[in-house]
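Following the numbering used here from start to finish, the sequence shown increments by one per residue and tops out at 167.
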Amino acid sequence: MKNILAISGSLRAKSTNLTILEIIAEMFGDKINLTIYGDLGDLPHFNPDLDTNKPLVAVADLRQQINQYDGVLICSPEYVFSVPAALKNALEWTVSSADFHNKPTALITASSLGEKAHESLLLILRTIDAKIGENSALLISHAQTKIKNGEVSDAKTLEQLNLLIESFLLTIDE
């Protein structure tokens, strides 16, 4: 059983991205123990002057959680053709501490379109040296038509989620 920290890039209480993470937790409950990070909105704006050896409590907590889990699964929407500010902020807090260095990481971008945010997130994750397996990144365009009533209603998307999680687990085991 692998312990996975899941981060939704959306702060909405009932976001499609959070729903996807909940679906994954249920679908793969026999293989992963998925914990959803719930404090994304509580992180202060990144400020290099505050990024010291004694980080703020919320920042220290984020870093500790990233380090204690076997892998990190990020599921994010696209806002204005980019990465949501709260998620980008969280990732910025991990740069100097290198928390993502060689950390098995999977990415799902689920949005109306999502290409630009997906590309940006992959660039950021590679820059901070996250370990992303060959099939550990998935773009789900038109997500709200494929995720309905807490279920994946699209067979291809369901197949892609299965492939992503299997690839992610292999990356963790490498």
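Glycine residues also receive a C-beta, built at the ideal position from the N, C-alpha and C atoms.
Thinking C-beta only, is residue 68 closer than 9 Å to residue 100? For this step, residue 100 is matched to residue 107 along the sequence shown. For this step, residue 68 is matched to residue 75 along the sequence shown. In this structure, residue 68 lies closer than 9 Å to residue 100 by Cβ.
Cutting at 7 Å between CB atoms, please list the residues of its own chain near residue 136, excluding the five before and the five after it. As a working mapping, residue 136 is identified with position 143 in the sequence shown. The residues are 9, 103, 104.
Taking 9 Å as the cut-off, decide whether the C-beta atoms of residue 151 and residue 128 are in contact. The residue you call residue 151 lines up with position 158 of the sequence shown. The residue you call residue 128 lines up with position 135 of the sequence shown. Not closer than 9 Å, so no.
Can you check whether the CB of residue 98 is closer than 9 Å to the CB of residue 65? The count along the sequence shown starts at 1 and reaches residue 65 at position 72. The count along the sequence shown starts at 1 and reaches residue 98 at position 105. A contact, by the Cβ cut-off of 9 Å.
Go to residue 4, then tell me how far its alpha helix (DSSP H) extends in each direction, as first and last residue. Position 11 of the sequence shown, counting from 1, holds the residue named residue 4. Careful: residue 4 lies outside any alpha helix (DSSP H) and carries neither H nor E.
Euclidean distance between Cα positions of residue 17 and residue 52: Position 24 of the sequence shown, counting from 1, holds the residue named residue 17. Position 59 of the sequence shown, counting from 1, holds the residue named residue 52. So the two alpha carbons sit approximately 26 Å from each other.
Sheet register partners of residue 121 (DSSP bridge): Reading the sequence shown from its first residue, position 128 is the one you call residue 121. None; residue 121 has no bridge partner.
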